[in-house]
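Chemist: Chains as they are written, first to last, in the UniProt record's numbering: chain A, 1 to 361; chain B, 1 to 361. All residues carry an ideal CB built from backbone N, CA and C; glycine is no exception.
2 protein chains.
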Amino acid sequence: MARTGTEELRRRNRAALVEQLHRHGPQTRAELTEALGLNRSTIGALAADLAETGHLHETTGRSTGSAGRPSTLVECVPKAATVTAVEIRVDRVRFALVGLGGEVLERAEAELDGADPVDAIEVVTGGAARDALEAVAAVPGLVDAGVVAHSTELGWAGRDLAADLAAATGRAWQVVDTATAAAVGEWSRGDAHESTKLLYLHGGRGLTAGLVVDGRAQRGGSIQLGHIVVQPGGHECGCGLRGCLEAEMEVFGYAEDIEYATLAAGMGDAAARDGLRRSGEDLGRALGAVVTATGPDEILFGGWLRELYLSTAAPVRSALAETTLPHLRSRLRLRTPVLGDEGALIGAAETGFAAVIDGMR
Amino acid sequence: MARTGTEELRRRNRAALVEQLHRHGPQTRAELTEALGLNRSTIGALAADLAETGHLHETTGRSTGSAGRPSTLVECVPKAATVTAVEIRVDRVRFALVGLGGEVLERAEAELDGADPVDAIEVVTGGAARDALEAVAAVPGLVDAGVVAHSTELGWAGRDLAADLAAATGRAWQVVDTATAAAVGEWSRGDAHESTKLLYLHGGRGLTAGLVVDGRAQRGGSIQLGHIVVQPGGHECGCGLRGCLEAEMEVFGYAEDIEYATLAAGMGDAAARDGLRRSGEDLGRALGAVVTATGPDEILFGGWLRELYLSTAAPVRSALAETTLPHLRSRLRLRTPVLGDEGALIGAAETGFAAVIDGMR
DNA sequence: ATCATATGTTGCAGTCAACAACAAATCTTG
DNA sequence: CAAGATTTGTTGTTGACTGCAACATATGAT
Chain A
1 MARTGTEELR
11 RRNRAALVEQ
21 LHRHGPQTRA
31 ELTEALGLNR
41 STIGALAADL
51 AETGHLHETT
61 GRSTGSAGRP
71 STLVECVPKA
81 ATVTAVEIRV
91 DRVRFALVGL
101 GGEVLERAEA
111 ELDGADPVDA
121 IEVVTGGAAR
131 DALEAVAAVP
141 GLVDAGVVAH
151 STELGWAGRD
161 LAADLAAATG
171 RAWQVVDTAT
181 AAAVGEWSRG
191 DAHESTKLLY
201 LHGGRGLTAG
211 LVVDGRAQRG
221 GSIQLGHIVV
231 QPGGHECGCG
241 LRGCLEAEME
251 VFGYAEDIEY
261 ATLAAGMGDA
271 AARDGLRRSG
281 EDLGRALGAV
291 VTATGPDEIL
301 FGGWLRELYL
311 STAAPVRSAL
321 AETTLPHLRS
331 RLRLRTPVLG
341 DEGALIGAAE
351 TGFAAVIDGM
361 R
Chain B
1 MARTGTEELR
11 RRNRAALVEQ
21 LHRHGPQTRA
31 ELTEALGLNR
41 STIGALAADL
51 AETGHLHETT
61 GRSTGSAGRP
71 STLVECVPKA
81 ATVTAVEIRV
91 DRVRFALVGL
101 GGEVLERAEA
111 ELDGADPVDA
121 IEVVTGGAAR
131 DALEAVAAVP
141 GLVDAGVVAH
151 STELGWAGRD
161 LAADLAAATG
171 RAWQVVDTAT
181 AAAVGEWSRG
191 DAHESTKLLY
201 LHGGRGLTAG
211 LVVDGRAQRG
221 GSIQLGHIVV
231 QPGGHECGCG
241 LRGCLEAEME
251 VFGYAEDIEY
261 ATLAAGMGDA
271 AARDGLRRSG
281 EDLGRALGAV
291 VTATGPDEIL
301 FGGWLRELYL
311 STAAPVRSAL
321 AETTLPHLRS
331 RLRLRTPVLG
341 DEGALIGAAE
351 TGFAAVIDGM
361 R
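(1) Can you find a C-beta in chain B that's less than 8 Å from the C-beta of A:ARG273?
(2) If we count the other Cβ atoms within 10 Å of its Cβ and call it buried at 16 or more, is B:THR53 buried or exposed?
(3) Taking only the alpha-carbon atoms, compute the straight-line gap between B:LEU165 and A:ARG278 and give it to the nearest angstrom.
(4) In chain A, which residues lie with their C-beta within 7 Å of the C-beta of B:HIS235?
(5) At a CB-CB cut-off below 9 Å, which residues of chain A make contact with B:ILE228?
(6) In chain order, what residues of the region 189-222 of chain A put their CB closer than 9 Å to some CB of chain B?
(7) By the 10 Å Cβ neighbour count, where 16 or more other Cβ atoms means buried, how is residue 364 of chain A classified, buried or exposed?
(8) Tell me which residues of the region 303-316 of chain B have at least one Cβ-Cβ distance to chain A shorter than 7 Å, keeping chain order.
(9) Write down every uninterrupted run of the alpha helix (DSSP H) in the region 10-87 of chain B whose length is 4 residues or greater and which is fully enclosed by it, in chain order.
(10) Beta carbons nearer than 7 Å to chain B: which residues of the region 60-91 of chain A have them?
(11) Under a CB-based cut-off of 8 Å, is B:GLN224 close to chain A?
(12) Quick check on this structure: which residue in B:LEU225, B:GLY203, B:THR180, B:GLY206 has the alpha carbon closest to the alpha carbon of B:ASP214?
(13) Leaving out five residues on either side along the sequence, give the residues of the same chain with a beta carbon under 6 Å from the beta carbon of B:ARG333.
(14) For A:ARG23 versus A:MET360, is the C-beta distance shorter than 8 Å?
(15) What does a CB cutoff of less than 6 Å around A:ARG335 pick up in its chain, not counting 5 residues either side in sequence?
(16) Using a 10 Å radius around the Cβ and a threshold of 16 neighbouring Cβ atoms, would you call B:LEU310 buried or exposed?
(17) Using a Cβ-Cβ cut-off of 8 Å, state whether B:LEU241 counts as contacting chain A.
(18) When DSSP labels each residue in this structure, what does A:TYR254 get in the three-state scheme?
(19) Could you say if the region 283-292 of chain A and the region 225-237 of chain A meet the contact criterion of at least three C-beta pairs nearer than 8 Å?
(20) So is A:MET1 buried or exposed if we call it buried at 16+ other beta carbons inside 10 Å?
(21) Among the candidates B:THR294, B:ALA355, B:ILE346, B:ALA354, whose CA atom is the shortest distance from the CA of B:GLU87?
(22) When the cut-off is 8 Å and only beta carbons count, does B:LEU300 lie next to chain A?
(23) Under a CB-based cut-off of 8 Å, is B:ALA261 close to chain A?
(24) At which residue ranges does the region 78-159 of chain A contain complete beta strand (DSSP E) runs of 3 or more residues, listed in the order of the chain?
(25) Could you tell me which uninterrupted alpha helix (DSSP H) segments, each at least 4 residues in length, are contained entirely in the region 278-351 of chain B, listed from first to last along the chain?
(26) Using the Cβ count rule (16 or more neighbours within 10 Å means buried), how would you classify A:HIS202?
(27) Interface residues of chain B around A:ALA47 at Cβ under 8 Å?
(28) By how many angstroms is the C-alpha of B:ARG94 removed from the C-alpha of B:ALA128?
(29) Out of curiosity, what's the CA-to-CA distance linking B:TYR254 and B:GLU153?
(30) How do the region 32-47 of chain A and the region 11-21 of chain B stand: do at least 3 beta-carbon pairs fall below 8 Å, yes or no?
(31) Using DSSP with H/G/I as helix, E/B as strand and the rest coil, what is B:ALA355?
(32) Over what stretch of residues does the alpha helix (DSSP H) that includes B:ASP164 continue unbroken?
(33) Helix, strand or coil, according to DSSP, for B:ALA265 in the structure here?
(34) So what does DSSP say about B:SER188, is it helix, strand or coil?
(35) So which residues of chain A does B:PRO117 contact, with C-beta pairs closer than 7 Å?
(36) What does the alpha-carbon distance come out to for the pair A:ASP358 and A:THR292?
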């Protein structure tokens with residue numbers, strides 16, 4: 001495999017073509033010519049290459065209504081390159097086999113009932129992981145080079161998950177954190193494609209955040225939002241620190257608790273309303289520090305933070321306004337994700353495809 | 001200028017050769033062959049190209065002591081490509097004309113005495129900026145696309161510095177923030193080349209920080225460290241917020257004040273010692289939030305923070321330890337910069353060279 | 001039905017990097 | 001000190017790739 005020379009040029013162009021189709025869906029050869037800035041003949045040669053290897057499928061053009069010869073439609077063949085995506089939660093493991101172009105080919109889910117998620121992987125994936133080009137697992141926590149350094153949610157510290165998964169399935173795995181995966185998912189298949197610096201907040205048993213710049217996860221872009229210290233010397237946290245956001249937030253738990261609290265607050269329960277407000281303020285203050293440090297242009301509230309934000313956006317916004325400079329605030333959009341529960345799984349798959357396409361270059 | 005094709009391949013390789021020499025200094029053709037993974041004949045052709053355009057100079061090989069024909073030494077011609085670097089401070093403007101390879105060809109400095117720094121630019125640079133391929137100005141503050149959105153130090157808000165400099169000098173300028181520039185400088189010409197995620201803290205009249213990942217400045221990587229809120233509802237800050245680090249730190253000012261305080265503390269002044277300690281704690285807490293949000297592997301204390309850190313590292317470290325997860329802390333090195341006062345100027349020049357080399361591709 | 005328009009196809013030319021054979025310059029060894 | 005070993009620069013050749021232009025093809029407009 002030459003690292004230089006004209007063959008690399010070909011590989012780069014081939015990869016660019018596959019990436020274009022994977023990201024933007026089926027396109028005509030004419031559109032591809034425009035998008036990649038290559039000659040018609042070059043596109044033709046590349047497409048012929050990739051059709052032969054089975055990655056692409058060409059359909060004879062149907063009339064577009066305008067004059068001229070109709071252009072051939074090119075589309076990905078999903079089964080030609082697949083990625084295994086797994087999302088690990090406290091109580092369950094979810095799996096999807098995703099094909100080139102983003103189509104979900106298989107899907108499964110299993111309750112854990114206290115079992116170790118790694119032990120459930122083979123059953124959930126049904127061996128499908130073996131044929132996939134990449135396998136990616138999303139876990140809520142601080143991930144560094146395949147190792148889960150810290151996870152409030154799973155209660156892990158320093159677990160080499162990549163190695164464990166490899167041992168259990170006989171293949172290499174990539175490990176990413178849930179929030180970063182979800183950020184990638186929302187950017188690539190959601191509604192956040194315009195964002196150049198996207199911050200995704202994930203509320204599970206712990207609070208994590210993920211930063212995606214220009215659609216790509218950063219080296220170590222996994223942020224332990226729940227362990228931003230908002231109250232120095234405050235309540236003791238499970239991580240050993242004091243005054244972490246997770247330890248200080250009054251409303252804390254799963255989405256069901258949030259729903260109960262919002263319901264109670266809506267029915268005039270003053271204590272519930274105050275609790276929600278103070279939680280929103282704590283979150284806003286922690287966010288202020290993260291925004292000052294990272295300067296995102298969009299924040300998405302995922303997991304149960306979605307419910308918190310929808311029910312109590314005002315205190316979040318005002319606490320944020322009190323802790324960030326006007327310029328950082330003014331270009332900031334606050335929203336909720338559009339992929340719902342699927343974001344992390346889809347993002348994990350997209351992380352895998354990024355590796356697949358990089359590997360083609 | 002074609003964006004694809006075999007000519008681009010040549011351009012990329014040419015740029016890679018120049019980058020290699022610029023960053024690692026003079027090298028033999030044999031070393032270049034190894035470093036770039038290209039064939040001997042290709043290196044020869046590229047070097048011949050660049051020698052003809054005047055970018056490179058080849059010296060007939062001198063014996064290395066080992067067997068074989070001595071390899072030709074290739075080095076940059078500094079004057080072949082120059083970058084104008086300017087550092088703007090409250091009280092003065094500093095200028096350097098830097099040549100390819102990193103050699104400083106000219107240097108000048110001017111006190112401002114209250115004048116607008118832009119008005120002093122033409123005099124300080126002596127018109128040298130005109131011939132340079134790139135011109136870069138470093139300013140302490142929050143910079144976004146040529147605009148200084150906020151600068152405690154200069155008292156600017158929303159000033160389009162790139163446009164002002166262009167109007168004053170008749171050429172395009174790039175604007176970066178001082179801390180990020182210094183981070184780039186320390187990474188490329190200092191002692192922080194091993195760091196993959198380098199956080200540089202700059203103490204001037206305001207406190208700013210810059211993040212450099214794999215040697216490159218991030219989009220909007222300029223961090224207003226001084227406006228991390230460490231005391232919600234605390235003292236009013238000039239930026240309009242309350243409880244900013246800048247407003248809360250007891251020892252705050254120029255390096256001279258720090259020196260005075262450390263001197264007093266050393267002579268047993270309990271008040272000075274307490275003030276230093278509390279300032280170190282405040283700084284450590286703000287840093288904790290930034291570290292949790294960005295996950296650097298190295299932190300450099302620049303400007304007068306250097307003095308503060310050297311005299312009172314313990315409270316900074318312990319406050320940091322109380323506000324960051326063990327895993328983030330364990331891989332973190334705290335140090336002081338090696339380029340001293342020059343970091344930002346050198347880094348601004350390197351930012352310019354990055355653009356020059358990117359432009360060759 | 002003919003022309004205009006847009007696109008796929010084919011053959012050709014220009015460029016590039018790798019390769020191999022050769023030349024050059026140094027060290028090593030007898 | 002001379003011949004061989006070793007390393008590197010040089011040159012001519014080769015295979016590959018992309019762009020270009022001319023031609024073929026398929027549709028809409030007149």
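Modeler: Considering the structure as presented:
(1) no
(2) The residue is exposed, with fewer than 16 neighbouring Cβ atoms inside 10 Å.
(3) 47 Å
(4) Going along chain A, no residue has its Cβ under 7 Å from B:HIS235, so there is no contact; the nearest lies around 13 Å.
(5) GLY288, ALA289, THR292, ALA293, THR323
(6) THR196, LYS197, ALA209, LEU211, VAL213, ASP214, GLN218, ARG219, GLY220, GLY221, SER222
(7) The shown model of chain A, from 1 to 361, leaves out residue 364 of chain A, and the question about it has no answer.
(8) none
(9) 29-36, 40-52
(10) none
(11) yes
(12) B:THR180
(13) Cβ within range, chain order: GLU298.
(14) no
(15) LEU300
(16) Exposed, by the Cβ-count rule.
(17) Chain A, which has a Cβ nearer than 8 Å to the Cβ of B:LEU241, makes this yes.
(18) Confidence at A:TYR254 is low in this model, with a pLDDT of 49, below 50, so the placement of that residue should be treated as unreliable; the coordinate-derived value is given next. Looking at A:TYR254 - three-state DSSP - the assignment turns out to be coil, as it is neither helix nor strand.
(19) yes
(20) Confidence is the limiting factor: at A:MET1 the pLDDT is only 41, short of 50, which leaves the residue's position unreliable, though a coordinate-based value still follows. A:MET1 comes out exposed.
(21) Among B:THR294, B:ALA355, B:ILE346, B:ALA354, the Cα nearest to that of B:GLU87 is on B:ILE346.
(22) no
(23) no
(24) 82-88, 92-99, 104-111, 134-139, 142-144, 147-150
(25) 305-311, 313-321, 326-330
(26) buried
(27) Neighbours of A:ALA47 on chain B: none; closest Cβ ~16 Å, over 8 Å.
(28) 13 Å
(29) Since pLDDT at B:TYR254 reaches only 49, below the 50 mark, its modelled position is unreliable, and no value is offered.
(30) no
(31) helix
(32) 161-169
(33) helix
(34) helix
(35) Ordered by position in chain A, no residue passes the 7 Å Cβ test against B:PRO117, which lies about 21 Å from the chain.
(36) 32 Å
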